[in-house]
Every structure is written in structure tokens, then in C-alpha cells.
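Asks: As given, the protein sequences belong to chains E and A, one line each in that order. In this text, residue positions in the first sequence follow full-length UniProt numbering: the first is 1, and each later residue adds one. In this text, residue positions in the second sequence follow full-length UniProt numbering: the first is 1, and each later residue adds one. Cβ coordinates follow ideal geometry from the N, Cα and C atoms, glycine included. This is the structure I want to talk about, given as C-alpha cells.
2 protein chains.
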Amino acid sequence: MAVAVDVAELVERARGGQQRAVARLISLVEDAHPQLREVAAALTPHTGNATVVGLTGPPGVGKSTSTSMLISALRAEGKRVGVLAIDPSSPFSGGALLGDRIRMTEHAVDPGVFIRSMATRGHLGGLAWATPQALRVLDAAGFDVVLVETVGVGQSEVDVVRLADTTVVLLAPGMGDGIQAAKAGVLEIADVFVVNKADRDGADTTVRELKQMISLARREVRGHSWRQPIVRTVAVKGEGAAQVVEALTEHHTWLEANDELRRRRAGRAAGEVEAIALQSLHAELVDLRGGRRLAELAEGVVDRVVDPFSAADQLIEGLRS
Amino acid sequence: MAVAVDVAELVERARGGQQRAVARLISLVEDAHPQLREVAAALTPHTGNATVVGLTGPPGVGKSTSTSMLISALRAEGKRVGVLAIDPSSPFSGGALLGDRIRMTEHAVDPGVFIRSMATRGHLGGLAWATPQALRVLDAAGFDVVLVETVGVGQSEVDVVRLADTTVVLLAPGMGDGIQAAKAGVLEIADVFVVNKADRDGADTTVRELKQMISLARREVRGHSWRQPIVRTVAVKGEGAAQVVEALTEHHTWLEANDELRRRRAGRAAGEVEAIALQSLHAELVDLRGGRRLAELAEGVVDRVVDPFSAADQLIEGLRS
Numbered sequence: 001m002a003v004a005v006d007v008a009e010l011v012e013r014a015r016g017g018q019q020r021a022v023a024r025l026i027s028l029v030e031d032a033h034p035q036l037r038e039v040a041a042a043l044t045p046h047t048g049n050a051t052v053v054g055l056t057g058p059p060g061v062g063k064s065t066s067t068s069m070l071i072s073a074l075r076a077e078g079k080r081v082g083v084l085a086i087d088p089s090s091p092f093s094g095g096a097l098l099g100d101r102i103r104m105t106e107h108a109v110d111p112g113v114f115i116r117s118m119a120t121r122g123h124l125g126g127l128a129w130a131t132p133q134a135l136r137v138l139d140a141a142g143f144d145v146v147l148v149e150t151v152g153v154g155q156s157e158v159d160v161v162r163l164a165d166t167t168v169v170l171l172a173p174g175m176g177d178g179i180q181a182a183k184a185g186v187l188e189i190a191d192v193f194v195v196n197k198a199d200r201d202g203a204d205t206t207v208r209e210l211k212q213m214i215s216l217a218r219r220e221v222r223g224h225s226w227r228q229p230i231v232r233t234v235a236v237k238g239e240g241a242a243q244v245v246e247a248l249t250e251h252h253t254w255l256e257a258n259d260e261l262r263r264r265r266a267g268r269a270a271g272e273v274e275a276i277a278l279q280s281l282h283a284e285l286v287d288l289r290g291g292r293r294l295a296e297l298a299e300g301v302v303d304r305v306v307d308p309f310s311a312a313d314q315l316i317e318g319l320r321s
Numbered sequence: 001m002a003v004a005v006d007v008a009e010l011v012e013r014a015r016g017g018q019q020r021a022v023a024r025l026i027s028l029v030e031d032a033h034p035q036l037r038e039v040a041a042a043l044t045p046h047t048g049n050a051t052v053v054g055l056t057g058p059p060g061v062g063k064s065t066s067t068s069m070l071i072s073a074l075r076a077e078g079k080r081v082g083v084l085a086i087d088p089s090s091p092f093s094g095g096a097l098l099g100d101r102i103r104m105t106e107h108a109v110d111p112g113v114f115i116r117s118m119a120t121r122g123h124l125g126g127l128a129w130a131t132p133q134a135l136r137v138l139d140a141a142g143f144d145v146v147l148v149e150t151v152g153v154g155q156s157e158v159d160v161v162r163l164a165d166t167t168v169v170l171l172a173p174g175m176g177d178g179i180q181a182a183k184a185g186v187l188e189i190a191d192v193f194v195v196n197k198a199d200r201d202g203a204d205t206t207v208r209e210l211k212q213m214i215s216l217a218r219r220e221v222r223g224h225s226w227r228q229p230i231v232r233t234v235a236v237k238g239e240g241a242a243q244v245v246e247a248l249t250e251h252h253t254w255l256e257a258n259d260e261l262r263r264r265r266a267g268r269a270a271g272e273v274e275a276i277a278l279q280s281l282h283a284e285l286v287d288l289r290g291g292r293r294l295a296e297l298a299e300g301v302v303d304r305v306v307d308p309f310s311a312a313d314q315l316i317e318g319l320r321s
């Protein structure tokens, strides 16, 4: 049995800057604590102030170093920064990611920074369900900026980036072929491009290719008045941090001026409401007839007496009766 | 408008070995053609004969080469082989995967082999929805073995492996740290381990570490009478292919002897029925009030007049009224 939590007090403490209260609230929502709804209701009035920035890029691009650099730059401006580091939940990825996370420990003792690794595997509803919940906690706790960081592999992981107000796509020299092959997808999600490791050979080529891609795409996208900037960084040396922050600020101003901020946040809220509703319906489907209904129908499919679409219809009927 | 298809004729031709009919059927189900249900109903009586083998492993392990080797070995036994190659649907991954696929072209002209790349992004319901549908087509078309191949990154991609009767986990020397860090997840999904690139330094270490992991885990898992074998291969030279096929055959025999084959297939069918039902419900939710209901509720969340859980309740109410 879960222990009853004084939600109001916990939210108060989180808003007062207590990191442990923030961590506890995120754990409550991640674990779908029985008081989950109470927590969400208590947080909601305090939300809407955080700027949400997504960071993604292919493996090896220097994502964690870039995140760390960005944290420092935002802290220098006095901003409180929350980080949700989304791990691709593959059984093979444990080792590498552990190493990545260690690079962010320089910020671990800063009370103005809160870093949370989202261990998503097995969560009910997965990333689409859990990430907006954790985001709401950080927003309500008064973090000015929340960075949502994920490596650009896998459907669920990239979808998380769509939660952001502004999405930064990180690239590095020597990935030119990849950029060309995948340009549509990258252009679709990026608001700001960062070419990291810009002191390496090939950086000029990468920037030039990106510029071409952006200008070609602009001819096709009417009414899109935001021109994606390209910022060069050397994250390990902290070079280019100020320019990235400047690009983020400019994009935020553009979002507000074009009512795009509200549109994106409504989209994020719609996705969240949808994910919660689907999760509820899923739980109901699985519970039908004391958990036997789905299994019975599955047996029918295995025995070829019913096709899966008819079985799904019969399953849904159970919800309505 | 989609053109009406003679489903019965198409299924007949696919079962007669016509590759184009097989490809057309997979496209129909992938695109959720209006006659999708008719297709599923026509396929169902012919299903249940294919052995489904999942192959996964970390990037760089030689997955496509191993798949190609396995195809050759199964063909030598006279088996018809279908392959579903699941690409992680990241906007960054285009280039590398294209290269991977090319390595399988040696089988492209063999009428006993059918290879399909699943381009999953944007699909309604995603991989959980589309892959079992494509699997059913290959099963009904009379392929003896269907290989479902995916790189072990990302939640959706690894989940696909759970569709298999037998799952092969590929590893390679020099990934020792990764294995240790991630052993729980890897042990959970693997029925057969293949250590590829076994002619390289460190192969003995990898095999030894794996053996230790397996024997430690066996003490914890009661009643699990299958001991995961470890097969060494050098896929580029075709070495070890016969041993992999032997391990697959042994596992299949074990599955049948322990009623585990039926249990796994029922699990797969349950997942498929669930995914179809959730997809239907999702479509209904999104369509409520001519598509306006979800947007209205999302606006309420952005304006902080309702929390997302209450909004989800209200959305679901619309389904029942």
C-alpha cells in the first residue's frame, strides 16, 4: 500500500525550492501514485511559466555536453533550470548513457538546477504519458527553463521532443550523409540548429549543407516566417553558449508574437489529455471480466475462429455495456 | 479514394507465391486501406504456420549481415523466408539504414525470400499496430519462417521483438561494459545469444561474461527450464550459421513441448487486439464533436481551468454518451 502524502505541503515545499520535494513529486507521478490526480490538480494553478526547450540529435553528437553547457549559460543569467533526460529504454543502452549522465554532475550541487533521468521502460503509457507529468512538476516548482533532452533514436524518444516550445537539433561535422538522407524529418522538428564540434574538419560543409536544406525547404513552406538559425558550438570548451541562448530567446519572442506559443502548448496539452484518456481506456480494456476478456479473445485469434479486428470490436463492446 | 481490391484473388495469388501480391497486401494493411478488415478476415484462416524469429542487438553488431546469413542457411533447408526489417523511425537514421539494407540484396532475386522494410513513422498506432498485420500477411502467404529484425534502440523497436516465438540477441566482442550494465533487459528478451565477429579479440571474454550472467540469472528464475545457448558466428564469412539454425530448432521444440509456443502466440494476439482496439478508441476520441472536443479541453488545460486528468475524464465521457 502506498503511504498517504500531504500533497499541498509537498507542492509548497517544491515551490519553495526544496529539491527533495521536487524529486518526490516526480516519483509520485511516474509511479502513478493513488494520489496522482490530487497532485495534478494541486500543480495545475502554478503552471504555464516555464519555457520548455527540447534537445535532440544523433548519437555521438555531444548532446549531454551541450546540455551541460546550456545549463551553465542559463544559470549565468540567473535562470532556474530543470532537466528531463530521456533515456532510450533499450536493454542495450545502459552503459553508454550512464557515462553520459556523469558529465552533468558538475551541476548536481547547484540548488538552481534539477536533473532527472526518466527511466521509462515499463511505465504505464510510456513516455507520452510520463514526460508531460514530470514537466508539470518542474513548471509548477518554478523552474524558468525546462530542458527535455533525448537522443534522436526511436519513435517514442523523438516524439517527446514535440512537447517543447523550442526544439534544438544538434548536429556535428562528418554526419553529412545522414543529414541529406533524413532532411525532411530534421527540418520538421528543428527550431534552432546547433552544429557542435565546430572546431573539427567539415564544420563548414555541415553548416553549408544545412543552409541549403533550410533555404530549399523555405520555398515549400508558405507562411512560415521563422528562419531556423544555425549556431556553431564547441560544447566541451563552452564556446557558442551565449549564441545558443540568444537563438532560444529570439525564437521565444517569435513564438509569442505569432501566437505560436499558445498553439504549441495547446498541442502539448491535447497530446497529454489524449495519452491519459488512452491509458485509462487501456486499463479498462485489460480489466474486463476480471482480466479474462482480452485473453479469451486472444485465444480465439490463435485458434483462427476470429480475426483480430473483430476481436477488437468485441473488446470495445465490453467498455460500453 | 482508394481503389476497390479483389481481396480473395490477392490472397490466393500471395499464397501461390507471387511476391507482388504479398507486397500489395502488406501495403494495404500498412496504409489502413478501407478493405483492411476484409483483408484480415481473409488471411486469418491461413495463419499460424510460420515460425516467427526476432533478431535484435546494439548498433554495429552486424545485424543485417547476420540476418542475411540466416536467410541463406534457412533457404538451404528449403524453407521459405520472410523478413520484416524494422527501422527505428528517427529523422536522423535514414543514411545508415539504407546502407544496411543493401547488404541483403543478394536475396532480392530469390522467389523464396521476401524482404520488407517497415517505414513506421506516422503510422496510425505505430509499430505495435502495423507489425503484427504485416506478419499475418507473410504467415498466410506460406512463409515457413518470418524474421523480424530491429536494432535494439528505442522502446517501440525493442517491443516489436516481443512478437517473436524465438528472440535472438546479437552481441559482439568489445561490448562487455554494455552487457554488464544492461544484463537484466538483455536476459529477459533473449532465447538465443549469438556472439558475432567471434574471430575478433575479446570474443572469449564476451562469451564468458554471458555464461556468467546466464548462470546467475538461472538461480533467480524458478521453473525456467530453457537454458539460453550462446552461438559464435562470423556472419560476413557465413561461419556459425548451421549452429544458429540448430539453436532455433531446439528452442522451437522446447516451446512446443512446454506449451510455451501457444502461450507466446496468445500474448502476441492479445497485444495485437489491444493495439487495434486502442487505435479505434483513439480515432473516436480525436473525432468527438467534429474534432473540436479534444482541442477545447486542451485550451482549458493551457488556461489552467482544468487539470489534464479531469480533462481526460471529460473526453472519455464523450465516448459513452
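1) Could you check whether the Cβ of aspartate 47 (chain E) sits closer than 8 Å to any Cβ belonging to chain A?
2) Would you report the Cα separation of glutamate 299 (chain E) and aspartate 144 (chain A), rounded to the nearest angstrom?
3) Just verifying my parser: in three-state terms, what is the DSSP assignment at leucine 163 (chain A)?
4) May I ask you to report which of helix, strand or coil DSSP gives threonine 233 (chain E)?
5) Measuring straight from C-alpha to C-alpha, what distance separates leucine 147 (chain A) and asparagine 196 (chain A)?
6) Using a Cβ-Cβ cutoff of less than 7 Å, which residues in the same chain neighbour valine 7 (chain A) once the five nearest sequence positions on both sides are dropped?
7) Would you tell me roughly how many angstroms separate the C-alpha atoms of aspartate 259 (chain E) and valine 306 (chain E), rounded to the nearest one?
8) Should the stretch 261 to 276 of chain E be called in touch with the stretch 75 to 89 of chain E, which here means at least 3 C-beta pairs below 8 Å?
9) Is there at least one Cβ from chain C nearer than 8 Å to glutamate 256 (chain E)'s Cβ?
10) Count the other CB atoms, across all protein chains shown, that sit within 10 Å of the CB of serine 321 (chain A); report buried if there are 16 or more and exposed otherwise.
11) Please confirm whether glutamate 272 (chain E) has its beta-carbon closer than 8 Å to some beta-carbon of chain A.
12) Excluding the 5 residues flanking glycine 57 (chain A) on each side, which residues of the same chain have their C-beta closer than 7 Å to its C-beta?
13) Give the straight-line distance between the Cα atoms of isoleucine 230 (chain E) and phenylalanine 193 (chain E), rounded to the nearest whole angstrom.
14) Would you call arginine 136 (chain E) buried or exposed, if buried means 16 or more other Cβ atoms sit within 10 Å of its Cβ?
15) Give the C-beta separation of residue 323 (chain A) and alanine 140 (chain A) to the nearest angstrom, bearing in mind that I take them to be a contact with Cβ-Cβ under 8 Å.
16) To be precise: take each residue of the stretch 302 to 318 of chain A, compare its Cβ to all Cβ atoms of chain E, and keep it if any distance is under 7 Å. Which residues remain?
17) Measuring only the C-alpha atoms, how far is alanine 4 (chain E) from isoleucine 26 (chain E)?
18) Could you check if glutamine 212 (chain A) is buried or exposed, using at least 16 other CB atoms within 10 Å of its CB as the buried criterion?
19) Please determine, among A:Gly290, A:Gly78, A:Gly174, A:Glu284, the residue with the shortest C-alpha to C-alpha distance to residue 371 (chain A).
20) Less than 8 Å separating the beta-carbons of alanine 21 (chain E) and leucine 10 (chain E)?
21) Closer than 7 Å, Cβ to any Cβ of chain E: which residues of the stretch 275 to 290 of chain A, in chain order?
22) Between leucine 25 (chain E) and chain A, is there a C-beta pair that is closer than 8 Å?
23) What residue does the alpha helix (DSSP H) around phenylalanine 309 (chain E) start on, and which one ends it?
24) Starting from glutamate 299 (chain E), find everything on chain A with Cβ-Cβ shorter than 7 Å and list it in chain order.
25) Under 8 Å Cβ-Cβ, which residues of chain E neighbour leucine 294 (chain A)?
26) I'd like to check one pair, alanine 312 (chain A) with alanine 269 (chain E): are the Cβ atoms closer than 8 Å?
27) Residues in the same chain with beta-carbon distance under 7 Å from glycine 99 (chain E), minus the five sequence neighbours each way, listed in chain order, please.
28) Can you list, in chain order, the residues of its chain with a C-beta nearer than 8 Å to that of histidine 252 (chain A)? Leave out the 5 residues immediately preceding and following it.
29) Please classify alanine 257 (chain A): does DSSP put it in a helix, a strand, or coil?
30) Around the C-beta of serine 66 (chain A), are 16 or more other C-beta atoms found within 10 angstroms, so that it is buried, or is it exposed?
31) Rank A:Gly238, A:Ile71, A:Arg15 by C-alpha distance to the C-alpha of isoleucine 115 (chain A) and give the top, closest one.
32) From valine 161 (chain E) to glutamate 149 (chain E), what does the alpha carbon distance come to, in whole angstroms?
33) Do you know how far the Cα of leucine 55 (chain E) is from the Cα of leucine 74 (chain E)?
34) Mind checking who phenylalanine 193 (chain E) pairs with in its DSSP beta bridge?
35) Below 7 Å on C-beta distance, what does arginine 320 (chain E) contact in chain A?
36) Counting C-beta neighbours from all protein chains within 10 Å, is the total for alanine 203 (chain E) 16 or more, i.e. buried, or is it exposed?
Replies: Taking the coordinates as given:
1) It is threonine, not aspartate, that sits at residue 47 (chain E) in the sequence shown. Yes, threonine 47 (chain E) counts as interfacial toward chain A.
2) 22 Å
3) Coil at leucine 163 (chain A), not helix or strand.
4) coil
5) 17 Å
6) Take valine 7 (chain A), set aside five residues on each side of it, and the residues of its chain with a beta-carbon closer than 7 Å to its own are Gln35, Glu38, Val39, Ala42, in chain order.
7) 50 Å
8) no
9) You won't find chain C in this structure, because its protein chains are E and A.
10) exposed
11) yes
12) Lys63, Gly152, Val169, Leu170, Leu171
13) 5 Å
14) It is buried - the Cβ of arginine 136 (chain E) has at least 16 other Cβ atoms within 10 Å.
15) Residue 323 (chain A) cannot be examined here, being either before or after the span of chain A that is shown, 1 to 321.
16) Of all residues in the stretch 302 to 318 of chain A, only Val302, Arg304, Asp307, Pro308, Phe309, Ala311, Ala312, Leu315, Ile316 place a beta-carbon less than 7 Å from a beta-carbon of chain E.
17) 16 Å
18) Its Cβ having fewer than 16 others within 10 Å, glutamine 212 (chain A) is exposed.
19) Missing from the structure shown is residue 371 (chain A); chain A here goes from 1 to 321 and no further.
20) yes
21) Ile276, Ala277, Leu278, Ser280, Leu281, His282, Leu285
22) no
23) 308 to 320
24) What glutamate 299 (chain E) touches in chain A: Ala266.
25) Ala270, Val273, Glu274
26) no
27) At glycine 99 (chain E), the pLDDT of 42 sits below 50, so the modelled position is not reliable; the number obtained from the coordinates is stated separately. Result list for glycine 99 (chain E): empty, nothing under 7 Å.
28) Excluding sequence neighbours, histidine 252 (chain A) sits near Thr51, Asp165, Thr166, Leu261.
29) Correct three-state label for alanine 257 (chain A): helix.
30) The Cβ neighbour count for serine 66 (chain A), taken over all protein chains shown within 10 Å, is at least 16; the residue is labelled buried.
31) A:Ile71
32) Whole-angstrom Cα-Cα distance: 8 Å.
33) 15 Å
34) E:Val169, E:Ile230
35) Arg320
36) Under a 10 Å Cβ-count criterion, alanine 203 (chain E) is classified as buried, with 16 or more other Cβ atoms of the shown protein chains found around its own Cβ.
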